[in-house]
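Chains as they are written, first to last, in this note's numbering: chain A, 1 to 216; chain B, 1001 to 1242.
As structure tokens, this is what we get:
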């Protein structure tokens, strides 16, 4: 490791880290916002469930680099536009979370739903105040997977020349220089762990009734 | 894109589309086979004996967080000086592909063996089945659906990452994407992207078909209903982190 080089490059590395966070977190939030209503729809209708889960599975099979290249055709963007990355990762996040949200709502015990009804909760009140909160642990488990894989997927965009931590890998490859590569890998893993930890904390904060021992 | 795909010049020769598809498949299947040889026996062992369970969750999460591009480039720079010519980048690519394919197969094999109905195992024991026979006749057939779904995510991961490995000059369909980028030839990139996506879709559907054929029908009819509510927590599909 050449720490002197790291010191000189620190401004640039912080810039790349900022973009990486933006490109990984925006799709996570957008994906969750889109997946919640879709998942609820799949939960409500037994006919829609296999359809949505099937389409999600198909979208998931498209390799990331291919999706990054194909999206400009659909969106009308330039190939170097970071918007492509946000859109691609949003698609992956939605594809992962639709099923998770549907299964989370399915996992709410029938007794709980009926108790809410008996206490006078209307359909949407029961959904927002009872069913979604009870489903939070399952949703956050899916969200953790999406967050960690998003961080890794963003770095693929470096092959197209979109700046983020992955740029350190291509730079290191061109210079035959280990320092940026190792720094990039460490920053990616740390970023993934921080996001993972934040979701665990959020989950604990949203579900104060669960025991404090949270597995894995 | 259409012009690129329908130009006969792109369908023959050493860098023609059939050759690229062949290379892509060759690398992918070698990596899948090696990963399965490592992960399936290990997953069965951990599932049956319960030893080393702590490894499973940690390993899968840690490897998912590792950026595959970084890993690939790091290994190429480490390994390539030791090997002459093409092995210098083929070997690191294969190592990364195997490394990414092991966790989904391992965790799903383990989960599959664990999820086998304990009553079925007890019944077999009561009928005088020996340990090996219980394994081959009860535990393995019953864990096949989950095991194969692990193989499916592993293969998708491999096909996706093999595309990226074109950057460090591995052959395969990724060449069209990387060379297209270098030559500013967007139609070539799109053609490559479409072909890679089709390849991934084809193999995903092929494995889904194989799963339907080899899994005992009695098993699927039961698990379709029973598995639905609990599926969310433990079978979150392994993402194609490539």
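In this text, a Cβ means the ideal position worked out from N, Cα and C, and glycines have one as well.
Does the beta-carbon of residue 131 of chain A have 16 or more other beta-carbons within 10 angstroms, so that it is buried, or is it exposed?
Here residue 131 of chain A refers to the residue found at position 131 of the first chain. Looking at its Cβ environment, which holds 16 or more other Cβ atoms inside 10 Å, residue 131 of chain A is buried.
Applying the criterion that 16 or more other CB atoms from any shown protein chain within 10 Å of the CB defines a buried residue, is residue 115 of chain A buried or exposed?
Here residue 115 of chain A refers to the residue found at position 115 when the first chain is read from its first residue. By the 10 Å Cβ count, residue 115 of chain A comes out exposed.
Within 8 angstroms (strictly less), CB to CB, does residue 1179 of chain B reach chain A?
Along the second chain, one-based indexing puts residue 1179 of chain B at 179. Chain A contact via Cβ: absent.
Within the continuous alpha helix (DSSP H) that includes residue 1157 of chain B, where are the two ends?
Against the second chain, residue 1157 of chain B aligns to sequence position 157. That run of the alpha helix (DSSP H) goes 1140-1164.
Judging by CA-CA distance, which residue of A:178, A:211, A:164 is the nearest neighbour of residue 2 of chain A?
Taking the first chain and counting its residues from 1, the one referred to as residue 2 of chain A is at position 2. Residue A:178 is the option with its Cα nearest to residue 2 of chain A.
Three or more beta-carbon pairs under 8 angstroms between the segment 1179-1190 of chain B and the segment 1086-1105 of chain B, yes or no?
The answer is no - the segment 1086-1105 of chain B does not touch the segment 1179-1190 of chain B, with fewer than three Cβ pairs under 8 angstroms.
Would you say residue 185 of chain A lies against chain B (beta-carbon separation less than 8 angstroms)?
Here residue 185 of chain A refers to the residue found at position 185 when the first chain is read from its first residue. For residue 185 of chain A, the answer is yes, since a Cβ of chain B falls inside 8 angstroms of its Cβ.
Where does residue 1014 of chain B sit, in a helix, a strand or coil, going by DSSP?
Taking the first residue of the second chain as 1, we reach residue 1014 of chain B at position 14. Coil at residue 1014 of chain B, not helix or strand.
Excluding the 5 residues preceding and the 5 following residue 1137 of chain B in the sequence, name in chain order all residues of the same chain whose CB lies nearer than 8 angstroms to its CB.
Within the second chain, residue 1137 of chain B is the residue found at index 137, counting from 1. Within the same chain, residue 1137 of chain B has close Cβ partners 1124, 1129.
Below 8 angstroms, can you find three or more Cβ-Cβ pairs linking the segment 1001-1016 of chain B to the segment 1065-1075 of chain B?
no
When we look at the beta-carbon of residue 1168 of chain B and count the other beta-carbons within 10 Å, is it buried (16 or more) or exposed?
In the second chain, counting from the first residue as 1, residue 1168 of chain B sits at position 168. Result: buried.
Check the C-beta distance from residue 39 of chain A over to residue 98 of chain A and give it rounded, since I have them as a contact under 8 angstroms.
Position 39 of the first chain holds residue 39 of chain A. Position 98 of the first chain holds residue 98 of chain A. Going by Cβ atoms, the distance from residue 39 of chain A to residue 98 of chain A rounds to 5 angstroms, so yes, they are a contact pair.
Would residue 59 of chain A pass as an interface residue toward chain B - the criterion being a Cβ-Cβ separation below 8 angstroms?
Your numbering for residue 59 of chain A matches position 59 in the first chain. No, no contact with chain B.
For residue 1142 of chain B, which residues in the same chain have their Cβ closer than 6 angstroms to its Cβ, ignoring the five residues on either side in sequence?
As a first step, residue 1142 of chain B must be located in the second chain, where it is residue number 142. Same-chain partners within the cutoff: 1116.
Excluding sequence positions up to five away, which residues of its chain have a Cβ less than 7 angstroms from the Cβ of residue 1233 of chain B?
Sequence index remark: in the second chain, residue 1233 of chain B carries index 233 (1-based). Confidence at residue 1233 of chain B is low in this model, with a pLDDT of 42, below 50, so the placement of that residue is unreliable and no value is reported for it.
Please state if the CB of residue 1035 of chain B and the CB of residue 1109 of chain B are separated by a distance shorter than 8 angstroms.
Locating residue 1109 of chain B in the second chain gives position 109, where the first residue counts as 1. Locating residue 1035 of chain B in the second chain gives position 35, where the first residue counts as 1. Residue 1109 of chain B places its beta carbon 8 angstroms or farther from that of residue 1035 of chain B.
So, under 8 angstroms CB-CB, residue 24 of chain A and residue 113 of chain A are touching, yes? Tell me the CB distance rounded to an integer number of Å.
Within the first chain, the letter at position 24 stands for residue 24 of chain A. Within the first chain, the letter at position 113 stands for residue 113 of chain A. The Cβ separation is near 35 angstroms, so there is no contact.
I want to see whether chain A comes within less than 8 angstroms of residue 1061 of chain B, judged by CB atoms only; does it?
Here residue 1061 of chain B refers to the residue found at position 61 when the second chain is read from its first residue. Interface with chain A (8 angstroms Cβ-Cβ cutoff): residue 1061 of chain B is included.
Residue 1096 of chain B to residue 1072 of chain B, Cα distance in whole Å?
For the purposes of this step, residue 1096 of chain B is taken as residue 96 along the second chain, with counting starting at 1. For the purposes of this step, residue 1072 of chain B is taken as residue 72 along the second chain, with counting starting at 1. C-alpha separation (whole angstroms): 6 angstroms.
Assuming residue 1027 of chain B contacts residue 1135 of chain B under a Cβ cut-off of 8 angstroms, what Cβ separation, rounded to an integer in Å, is found between them?
What you label residue 1027 of chain B is simply residue 27 of the second chain in a count that begins at 1. What you label residue 1135 of chain B is simply residue 135 of the second chain in a count that begins at 1. In fact, because the Cβ distance is near 32 angstroms, the residues do not count as touching under 8 angstroms.
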